[in-house]
Ligand SMILES: [Zn+2]
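Numbering (the numbering used here), first residue to last: -10 to 266.
In structure tokens, the structure reads:
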């Protein structure tokens, strides 16, 4: 699933290609991806509008359209946006195609079809609970060691599950949580409220570090992630634990273990990330 660095990379790669473009036609091949309004209204309201800006919040992409409308896209597991230049052939079977007036297009692909698209007025964005409830993002002024410390002290769940809660910290997912815990030397099943102050400080630094490195590396291509113009990410080359079951830990050589925490596949080094009873 694309996480903050991947969605940020998609946003940056698309921005120059789509901002300022006017939508000539919206082609919907799979209606159930459109969560609001009806597919008919989605198509008719968007047609003729211009994309004025493209932003990211958490894992959401927000296309600001003329007339105060916003197209909100969440890619979920396998959603992918691809900018196709005028005259270039489609590269597969897009589920939704946003055709621009100049003959170019923005294509939405989705193998597992779990993605969600909404068209809302600017002042209606709170209808999307996951968006309106987003917690502070890493690398922002709101995401302080104090915020993390206070929040963890109130949560008794396993640290891995707590960090995946988008209402607590916006944008983290499986890859970057596993990498953050590895860098901070914390066992994924450690209870959040049991973390010591030095551990919280290490975790805060680790989260900001891996998110920054992820963005600088244009995201992680583990399975099918590509940016908005078809390029792979590079952060998969720098992963310490994620996807590295039975491979040696880069720090100590111990074999990485894969387990499940809260139903999510979880990778860690048993030597560098011991569970503290
Ligand atoms: Zn290790």
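Even glycine gets a Cβ: it sits at the ideal position worked out from N, Cα and C. As the structure is a prediction and not an experimental result, all values here were calculated from the model.
Buried versus exposed call for residue i [16 or more other C-beta atoms within 10 Å across all chains shown]
i	result
residue 105	buried
residue 244	exposed
residue 94	buried
residue 179	buried
residue 126	buried
residue 112	exposed
residue 263	exposed
residue -2	buried
residue 145	exposed
residue 169	buried
residue 238	buried
residue 149	buried
residue 226	exposed
Spatial distance of residue i from residue j (CA atoms)
i	j	result
residue 172	residue 256	12 Å
residue 221	residue 118	31 Å
residue 235	residue 261	15 Å
residue 50	residue 187	35 Å
residue 67	residue 80	16 Å
residue 98	residue 216	12 Å
residue 30	residue 24	11 Å
residue 158	residue 123	7 Å
residue 4	residue 18	24 Å
residue 204	residue 44	15 Å
residue 270	residue 200	Since the first residue shown for the chain is -10 and the last is 266, residue 270 is missing from the structure and cannot be characterised.
residue 166	residue 253	11 Å
Pair within 8 Å by beta-carbon distance, residue i and residue j
i	j	result
residue 109	residue 101	no
residue 185	residue 90	no
residue 248	residue 228	no
How would the residue list near ligand 1 read, in chain order, if you kept each one whose beta-carbon is closer than 5 Å to any heavy atom? Result (chain order): 238, 240, 241, 243, 258, 260 and 261.
Going residue by residue through the segment 173 to 232, where are the continuous alpha helix (DSSP H) segments of at least 4 residues, counting only ones entirely within it? Under the rule that a run must span 4 or more residues, the alpha helix (DSSP H) segments found entirely inside the segment 173 to 232 read 186 to 205.
Which runs of the beta strand (DSSP E), 3 residues or longer, sit entirely within the segment 144 to 171? None, since the segment 144 to 171 contains no complete beta strand (DSSP E) of that length.
Give the list of continuous beta strand (DSSP E) stretches no shorter than 3 residues that lie fully inside the segment 7 to 46. Runs of the beta strand (DSSP E) inside the segment 7 to 46: 12 to 17, 23 to 25 and 40 to 46.
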